[in-house]
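Okay, structure first, notes after.
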Amino acid sequence: MEIVILILLIVNLCFVGLLLLRNNNGTADTTERLGRFETNVTKEIGEFKIDFTNHLRTDFDKLNQSVERKLLEINDRVNQRLDENFDKTNKTFQNVLERLSKIDEAQKKIDSLSTEIVSLQSVLTDKKTRGIFGEVNLNYILSSVFGENNQRIYHTQYRLSNGAIADAVLFAPMPLGTVCIDSKFPLENYERMTNRELSKEARSVAMKSFKVDVKKHIDAIHDKYIIDGETAAEAILFLPAEAIFAEINAYHNDLLHYAYQKKIWITSPTTLMSTLTTIHMIIKNMERDKYAKVIHEELIKLGVEFDRYRVRWSALSNHIETVHKDVRELNITTDKISKRFDSINNAEIDKDRIEN
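All you need for our numbering is the position in the sequence shown, starting with 1, plus 22.
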């Protein structure tokens, strides 16, 4: 803006000088005036330069101060953002460390569990041990559903009339009756059948052997634990491994049909728990109905006694009312006698009667 003003001033001065030159051309006075004009112009330009320089310096100082202030504000904001991001990064890093420590602990637990599973598999390779494992699982399920040693509903290691000992017997309500439960654990051929490291032919042979094992168990339970007139017409084959049960239900329908023909129910821990829970609810409902019948009969008897009580109370009430009437009449007679005695005591006898 100051530069524009300077230019306009110079232009005006030049214009004035030209006018002077035009009006006084060729005179000494003109030369003098031009000299003064030049001096004045030079002076004004110098003063303007000084003012302009001062203004420029002042504006530059202000601009410099404003820039420094803005830079300080930006620096503060940057530092604040850096601090916040550092805190967030630090917290994230700490969370990552905590997660890593938890993952490390979980990995240790997984390693320990893997070791336990390997040891469990080594234990279950023995048939006797597998049998004990199945019986323990069966007893746990029975005690969980019906309570510990509830021999009114179930009994373990129960001997039948043919000499066979069932792992458990369930005394279910009629028409079901006494149901025998036996635990079986066909593990070896199942593991070979599902082992992907073996060849397809070896797994096929293991699958056939697995089916033979399951059918043998079904036949054994049918022959030993279904006795006409003593047990129910059905029995339960308990598989203590969910994987084997799932394998049979998913891929071996022929085994299921064979079991149905022999009247054998194949169960796993989950399905046996559900079946026993259903039977338990039926037993409770039957007991509730039985007690409801007894309560109904007792209420009928109580109603007869209450009716007899009502008749007797009515008779007693009538008798009491009669007695109350007699008592009231006796009270009237008593009052009359009392008044008569009072008259005698006060010598208020009729004089005419005395003279006569």
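All residues carry an ideal CB built from backbone N, CA and C; glycine is no exception.
The model shown is predicted, which means the values in this text are computed figures rather than measured ones.
Between F267 and F207, the C-beta spacing is not below 8 Å. Secondary structure note for S205: its beta strand (DSSP E) is the uninterrupted segment T200 to S205. Distance from the CA of E256 to the CA of R310, rounded to the nearest whole angstrom, comes to 26 Å.
Distances from the alpha-carbon of S166 to those of Y180, D348 and L294 put L294 closest. Around the Cβ of V100, a 10 Å sphere holds fewer than 16 other Cβ atoms; the residue is exposed.
Here the alpha carbons of T292 and E264 stand approximately 8 Å from one another.
Within the model, the alpha-carbon separation for V89 versus R79 is close to 15 Å. In this structure, E157 and S205 form a Cβ contact; the two beta carbons are roughly 6 Å apart against a cut-off of 8 Å. Residue burial annotation: F168 is buried, with at least 16 other C-beta atoms found within 10 angstroms of its C-beta.
For D189, the uninterrupted beta strand (DSSP E) run begins and ends at I187 to F193, by DSSP. Approximately 4 Å separates the beta-carbon atoms of N211 and S231; this is inside 8 Å, confirming the contact.
When the alpha-carbon of K233 is set against those of Y273, A188, Q173 and S183, the nearest one is in Y273.
Assignment of alpha helix (DSSP H) within the region 287-336, counting only whole runs of 4 or more residues, yields no such run. The alpha-carbon separation between Q116 and L220 amounts to approximately 47 Å.
With respect to the C-alpha of T151, the residue from K110, T200, L209 and D105 having the closest C-alpha is L209. Between the C-alpha atoms of N307 and S336 there is a straight-line separation of about 42 Å. Taking a 10 Å sphere around the C-beta of I163, we find 16 or more other C-beta atoms and assign the residue as buried. In the DSSP annotation of this structure, the continuous segment of the beta strand (DSSP E) that includes T178 starts and ends at Y176 to R181. Under the three-state reduction of DSSP output, I96 falls in the helix class. A residue is called buried once 16 or more other Cβ atoms fall within 10 Å of its Cβ, and F260 is buried on that count.
Distance from the CA atom of P262 to the CA atom of S290, rounded to whole angstroms, is 6 Å. When DSSP reads this structure, F155 sits in no beta bridge, so it has no partner. Beta-bridge partners assigned by DSSP to F260: S205 and T289. In this structure, the straight-line span from the alpha carbon of H341 to that of N368 is close to 40 Å. Within 10 angstroms of the beta-carbon of V236 lie 16 or more other beta-carbons, which makes it buried. Residues of the same chain with a CB within less than 8 Å of the CB of Y247, apart from the 5 flanking positions on each side, are L182, A186, A188, C202, D204, T253 and A257 in chain order. Using a 10 angstroms sphere on the CB of V118, the tally of other CB atoms stays under 16, which defines it as exposed. With fewer than 16 other beta carbons inside 10 angstroms of its own, M196 counts as exposed.
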